[in-house]
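Quick note on my numbering: the sequence shown kicks off at 9 and runs consecutively.
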Amino acid sequence: MPSLGRLHLITDTRPGRDPLAVLRAALPVARAELVVQVRVEDDATDREAYELAQRVVGLCRPYGATCLVNDRLHVALAVAAAGGHVGAEDLPVAAARRVLGAGAVLGATAREPGGAAAAVAAGVTYLGVGPCHATTTKAGLPDPIGPEGVRAVAGAVDVPVIAIGGVTVASVPALRAAGAYGVAVVGALSASPDPARTTAELIEALTC
Ligand SMILES: Cc1ncc(COP(=O)(O)OP(=O)(O)O)c(N)n1
Ligand SMILES: Cc1ncsc1CCOP(=O)(O)O
Ligand SMILES: [Mg+2]
Numbered sequence: 009m010p011s012l013g014r015l016h017l018i019t020d021t022r023p024g025r026d027p028l029a030v031l032r033a034a035l036p037v038a039r040a041e042l043v044v045q046v047r048v049e050d051d052a053t054d055r056e057a058y059e060l061a062q063r064v065v066g067l068c069r070p071y072g073a074t075c076l077v078n079d080r081l082h083v084a085l086a087v088a089a090a091g092g093h094v095g096a097e098d099l100p101v102a103a104a105r106r107v108l109g110a111g112a113v114l115g116a117t118a119r120e121p122g123g124a125a126a127a128v129a130a131g132v133t134y135l136g137v138g139p140c141h142a143t144t145t146k147a148g149l150p151d152p153i154g155p156e157g158v159r160a161v162a163g164a165v166d167v168p169v170i171a172i173g174g175v176t177v178a179s180v181p182a183l184r185a186a187g188a189y190g191v192a193v194v195g196a197l198s199a200s201p202d203p204a205r206t207t208a209e210l211i212e213a214l215t216c
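Shown next, in the form of structure tokens:
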């Protein structure tokens, strides 16, 4: 397995959220185990995405944390992020790999073994697999696949599987038992009254 962080914190840029405050709380706890994925709302401008990503890259650097950019790979390149994440409505994996280059971290979304194997063949570094559980963070998703869906994908590929969708501290053990290498969260940290503590609990559950 590559040295990819196990805790993926996806920025929550919905109104009233403070993604940089959450990141400042999580970084000193998770350090190099943290992968921060800069994800902005669809109607955000590229300039807004760029400015947030630039801040995130700067905050991650002293901790050895990894910054990725969701969807907007030109923003990833512009801020010298470590890579990006693409899904079904974004650039195809092979095209994303060409854009980012051979050394970049490239994630893609998968929910079943066939799609996962195709993404691996096309050059992904890791797979974001889900939604594992119900989530209120993103609308229009298919039904949750649960730990058994994660198990099916993890058994079919040899890249790290990052479970996403409604992940909480309590759900991490079952996801790990199903073969997840790590987890990606929005609400578990963004809505936590104590993001530093929740980060510590997530890291403990992911590395024990
Ligand atoms: C780690 C991880 N897994 C899945 C996703 C979802 O990506 P996508 O399907 O492209 O949906 P959007 O996030 O772009 O709305 C992800 N971002 N990260
Ligand atoms: C972007 C995305 N893709 C699948 S689930 C999801 C949102 C995950 O957010 P949360 O951790 O709050 O359920
Ligand atoms: Mg996408």
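Glycine is no exception: its CB is placed at the ideal position from the N, C-alpha and C atoms. Predicted, not measured: the structure shown is a model, and the values here were computed from it.
Check the DSSP bridge columns for residue i and list the partner residues they point to.
i     : result
Leu28 : DSSP, once it has assigned bridges, lists no residue as partnering Leu28.
Cys75 : Val44
Leu15 : Leu42 and Val191
His93 : Asn78 and Gly115
Could you tell me if residue i is buried or exposed, where buried requires 16 or more neighbouring beta carbons within 10 angstroms of its beta carbon?
i      : result
Pro10  : Because Pro10 sits at a pLDDT of 47, beneath the cut-off of 50, its placement in the model cannot be relied upon, and the following sentence gives the value as read from the coordinates. Answer is exposed; the Cβ neighbour count stays below 16.
Asp20  : buried
His16  : buried
Arg156 : The question names Arg, but residue 156 is Glu in the sequence shown. The residue in question, Glu156, is exposed, as its Cβ has fewer than 16 Cβ neighbours within 10 Å.
Leu210 : buried
Asp79  : buried
Leu28  : exposed
Gly174 : buried
Pro23  : exposed
Cys68  : buried
Ala84  : buried
Glu6   : Outside the shown range of the chain (9 to 216) lies residue 6, about which nothing can therefore be said.
Gly66  : exposed
Ala73  : buried
Whole angstroms is fine: what's the gap from residue i's alpha carbon to residue j's?
i      : j      : result
Ile170 : Ala127 : 14 Å
Pro70  : Ile18  : 19 Å
Ala116 : Leu76  : 12 Å
Ser198 : Glu59  : 20 Å
Leu31  : Gly138 : 23 Å
Ser200 : Thr206 : 7 Å
Leu35  : Gly123 : 32 Å
Ala102 : Pro203 : 36 Å
Arg105 : Gly92  : 9 Å
Ala125 : Tyr134 : 11 Å
Asp166 : Val191 : 16 Å
Val94  : Asp151 : 20 Å
Ala178 : Gly195 : 14 Å
Arg39  : Leu214 : 14 Å
Val37  : Leu114 : 24 Å
Ala61  : Ala88  : 9 Å
Cys140 : Ile153 : 5 Å
Leu149 : Ile172 : 12 Å
Gly187 : Gly163 : 7 Å
Thr176 : Tyr189 : 15 Å
Pro100 : Leu12  : 22 Å
Are the C-beta atoms of residue i and some chain C residue less than 7 Å apart?
i     : result
Ser11 : No chain C is present in this structure, which holds just one protein chain.
Q: Let me have the residue list for ligand 3: C-beta closer than 5 Å to any non-hydrogen atom, ordered along the chain.
A: Asp79, Gly95 and Asp98
Q: Only counting runs of 3 or more residues, tell me where the beta strand (DSSP E) segments fall wholly within the region 109-175, in order along the chain.
A: 113-118, 134-137 and 169-172
Q) When a residue counts only if its C-beta is closer than 6 Å to some heavy atom of ligand 4, which residues count, in chain order? A) Ligand 4 is not part of this structure, which contains only ligand 1, ligand 2 and ligand 3.
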